[in-house]
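Written out below as structure tokens is the structure these notes cover.
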Amino acid sequence: MNKNNDYSIVLKDVLNHATNFLNKLDHDNVCATKSLEKLREDLKKPLKSKGELAESVINELVKDVDGGLLGSTGGRFFAWVIGGAVPAALAADWLTSTWDQNAALYACSPAEAIIEEVVGEWLKKLLGLPEQASFAITTGCQMSHFTCLAAARNHLLKKHSWDVEVKGLIGAPRIHILTNSQLHASVERAVRFLGLGSECIKPLELNEAGQLKSESLRAALEEVKGEPVIVQLCAGDINTGMYDNFEEIIPLAHSYNAWVHVDGAFGLWANVSDKYKHLLKGVEYADSWATDGHKWLNVPYDCGYAFIKNNKAHKASMSLRASYLTHADEARDQFDWNPEWSRRGRGVSTYAAIRQLGTEGIASLVERCCKYAHDLVIGIGRLRGAVVIWEPQINQGLIRFVHPELNFTEDENDVFTDMMIERINASGKLFIGGTTWNGKRCMRISVCSWQTDEEDINISLKAVEEVLNNVILETKLSKSIDSSML
Ligand SMILES: *Cc1c(COP(=O)(O)O)cnc(C)c1O
Numbered sequence: 114m115n116k117n118n119d120y121s122i123v124l125k126d127v128l129n130h131a132t133n134f135l136n137k138l139d140h141d142n143v144c145a146t147k148s149l150e151k152l153r154e155d156l157k158k159p160l161k162s163k164g165e166l167a168e169s170v171i172n173e174l175v176k177d178v179d180g181g182l183l184g185s186t187g188g189r190f191f192a193w194v195i196g197g198a199v200p201a202a203l204a205a206d207w208l209t210s211t212w213d214q215n216a217a218l219y220a221c222s223p224a225e226a227i228i229e230e231v232v233g234e235w236l237k238k239l240l241g242l243p244e245q246a247s248f249a250i251t252t253g254c255q256m257s258h259f260t261c262l263a264a265a266r267n268h269l270l271k272k273h274s275w276d277v278e279v280k281g282l283i284g285a286p287r288i289h290i291l292t293n294s295q296l297h298a299s300v301e302r303a304v305r306f307l308g309l310g311s312e313c314i315k316p317l318e319l320n321e322a323g324q325l326k327s328e329s330l331r332a333a334l335e336e337v338k339g340e341p342v343i344v345q346l347c348a349g350d351i352n353t354g355m356y357d358n359f360e361e362i363i364p365l366a367h368s369y370n371a372w373v374h375v376d377g378a379f380g381l382w383a384n385v386s387d388k389y390k391h392l393l394k395g396v397e398y399a400d401s402w403a404t405d406g407h408k409w410l411n412v413p414y415d416c417g418y419a420f421i422k423n424n425k426a427h428k429a430s431m432s433l434r435a436s437y438l439t440h441a442d443e444a445r446d447q448f449d450w451n452p453e454w455s456r457r458g459r460g461v462s463t464y465a466a467i468r469q470l471g472t473e474g475i476a477s478l479v480e481r482c483c484k485y486a487h488d489l490v491i492g493i494g495r496l497r498g499a500v501v502i503w504e505p506q507i508n509q510g511l512i513r514f515v516h517p518e519l520n521f522t523e524d525e526n527d528v529f530t531d532m533m534i535e536r537i538n539a540s541g542k543l544f545i546g547g548t549t550w551n552g553k554r555c556m557r558i559s560v561c562s563w564q565t566d567e568e569d570i571n572i573s574l575k576a577v578e579e580v581l582n583n584v585i586l587e588t589k590l591s592k593s594i595d596s597s598m599l
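Position 138, counted from 1, in the sequence shown is what the working numbering calls 251; the numbers after and before it change by one each time, with no gaps.
Encoded structure:
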């Protein structure tokens with residue numbers, strides 16, 4: 114291959130492709146329109162011995178993925194919990210790749226190490242977490258759980274005179290994890306990665322608000338008294354946006370010497386809003402917190418944050434010394450706090466997002482998402498055949514579809530709901546997800562993008578109404594419903 118130092122042709126093409134993609138988001142299909150077979154056919158090129166021109170590779174790539182991408186960075190994507198990307202964060206992400214630094218150590222990229230220092234301080238202020246907490250910028254909340262729980266494992270076992278970093282887990286005292294039964298599966302996976310095994314997780318009873326019940330926690334803590342315990346709490350459940358009662362639960366957990374970890378993938382961001390921060394009252398008393406940049410802060414994938422009060426345990430669980438590494442005395446080596454070895458300058462896009470938005474902009478983003486989630490769920494709930502199952506308290510809500518004329522069983526309305534989700538997504542106007550909540554199928558709505566506005570909500574409401582009328586009619590004609598209709 115010829116070495117060609119002129120990047121300008123391919124990068125100019127990319128600028129065009131990128132702006133075309135972003136400008137189309139508002140009126141293009143939100144769903145993918147290309148079939149699995151066609152995607153394979155288009156993308157599965159023969160592995161060639163001769164290389165190609167950079168610009169031909171890129172131009173063809175753009176053509177081949179067209180129809181296979183979702184409009185998840187636009188304003189009418191409400192499935193899962195997926196944020197968009199604010200312009201400064203996207204641009205900073207491009208530069209991060211351009212600079213191509215290894216943000217492992219201060220010595221590998223002094224500027225990016227300092228950016229992460231600054232970002233860590235800003236994030237703790239924004240999220241209302243203790244100033245002395247250590248932090249790590251990870252690939253996402255899942256890896257933040259991993260990082261936080263590695264520190265917890267180190268600390269809890271050390272108190273039982275067991276150095277897990279040296280001895281491993283075989284023969285170690287068992288760690289118990291007591292949790293809200295709505296636990297996000299990413300915690301379970303982190304627990305598995307840490308060798309603790311999913312069996313150590315004990316889901317506990319909830320109160321009427323869906324929060325961990327203090328009496329059930331107290332009883333469970335009594336049962337394992339004196340043994341290493343992690344109490345796993347939730348700040349923003351994926352279905353309902355529920356928050357555990359931190360003020361009540363954390364002191365209780367601490368009275369039994371438990372480590373308290375909080376999953377706040379998106380919910381921790383409510384702290385930036387005066388209107389919603391009360392939900393997080395007392396969360397600062399926990400021992401570790403995991404959250405995301407790529408959800409509510411609208412930083413491009415992938416970006417998560419871990420914060421740990423006991424910075425000694427954090428460092429002990431992550432850092433390592435090798436003869437060829439150059440460690441900084443006065444600056445922060447990311448390597449000491451992160452699970453990765455080599456890594457991209459993951460703090461840069463966060464730095465840019467926070468500066469572009471400012472604290473007011475982040476608060477406004479959070480409040481807008483909550484308002485639009487509410488408008489959308491309540492608006493759909495007014496339609497004949499739709500029932501609000503969970504009115505959004507923050508940015509998450511649930512709808513179930515119940516046939517207004519045919520006397521469907523719950524099972525049939527499950528299929529009816531899934532059919533609605535599928536048809537709504539196929540309309541290309543908006544994209545939503547499904548979930549099973551309290552044993553019933555529901556449509557789940559999450560508003561998490563800075564792009565969503567009034568017009569997006571109106572377009573979405575109109576589209577749902579149209580689809581609902583069609584599906585009601587279709588099922589009336591066939592007089593029955595089963596999963597073959599999906
Ligand atoms: C998204 C999410 C996670 C997982 O986060 P990733 O960034 O995908 O690793 C964990 N918990 C909750 C509540 C979430 O919404």
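Glycine included, every Cβ here is placed at the ideal spot set by N, Cα and C. Small disclaimer: the values here were computed from a predicted structure and weren't measured.
Could you give the C-beta distance for residue i and residue j, rounded to a whole number, given that I count them as a contact under 8 Å?
i: G546; j: A192; result: 4 Å
i: Y389; j: C483; result: 7 Å
i: H268; j: N423; result: 6 Å
i: G241; j: L393; result: 7 Å
i: A419; j: F248; result: 6 Å
i: I502; j: I512; result: 6 Å
i: S222; j: G458; result: 6 Å
i: L581; j: A486; result: About 19 Å; that fails the 8 Å criterion.
i: T292; j: G417; result: Not a contact, Cβ separation roughly 20 Å.
On the three-state DSSP scale, how would you describe residue i?
i: R557; result: strand
i: I363; result: helix
i: P159; result: coil
i: P223; result: helix
i: I195; result: coil
i: E423; result: The displayed chain sequence assigns Asn, not Glu, to residue 423. Coil at N423, not helix or strand.
i: I537; result: helix
i: Y398; result: helix
i: I290; result: strand
i: R513; result: strand
i: C347; result: strand
i: V143; result: coil
i: K137; result: helix
i: H130; result: helix
i: G181; result: coil
i: G494; result: helix
i: D213; result: coil
i: L325; result: strand
i: F448; result: helix
i: Y356; result: strand
i: S247; result: strand
i: F306; result: helix
i: V337; result: coil
Among the options, which residue has its Cα nearest to the Cα of residue i?
i: G197; options: S210, L208, Y418, L183; result: L183
i: P517; options: A466, Y464, E587; result: E587
i: L174; options: A204, S274, A131; result: A131
i: P243; options: I421, P200, R557, A224; result: I421
i: K238; options: L319, I227, C561, W382; result: W382
i: I507; options: A476, K425, F359; result: A476
i: E579; options: L543, G460, H487, W563; result: L543
i: D527; options: L496, R456, R554; result: R554
i: S593; options: I558, L519, V143, Q295; result: L519
i: C144; options: S162, S368, I537, D569; result: I537
i: V194; options: E525, K408, M355, M556; result: K408
i: D400; options: S294, E504, D376; result: D376
i: S329; options: E340, L317, G339; result: L317
i: G310; options: V479, I171, G233, L262; result: L262
i: V344; options: D524, L410, A332; result: A332
i: L319; options: Y398, E336, D357; result: D357
i: N136; options: L124, D119, P200, K158; result: P200
i: A216; options: N451, A466, R481; result: N451
i: Y464; options: I227, R305, F306; result: I227
Please name the residue or residues paired with residue i in a DSSP beta bridge.
i: D415; result: Beta-bridge pairing links D415 to no other residue.
i: F379; result: Looking at the DSSP assignment, F379 forms no beta bridge with any residue, so it has no partner.
i: G547; result: M556
i: D405; result: G417
i: P316; result: T292
i: T463; result: Beta-bridge pairing links T463 to no other residue.
i: V500; result: R513
i: V373; result: V344
i: F190; result: F544
Measure from the C-beta of residue i to each C-beta in chain B and report whether the shortest distance is under 7 Å.
i: V231; result: The chain inventory of the structure shown lacks chain B, comprising one protein chain alone.
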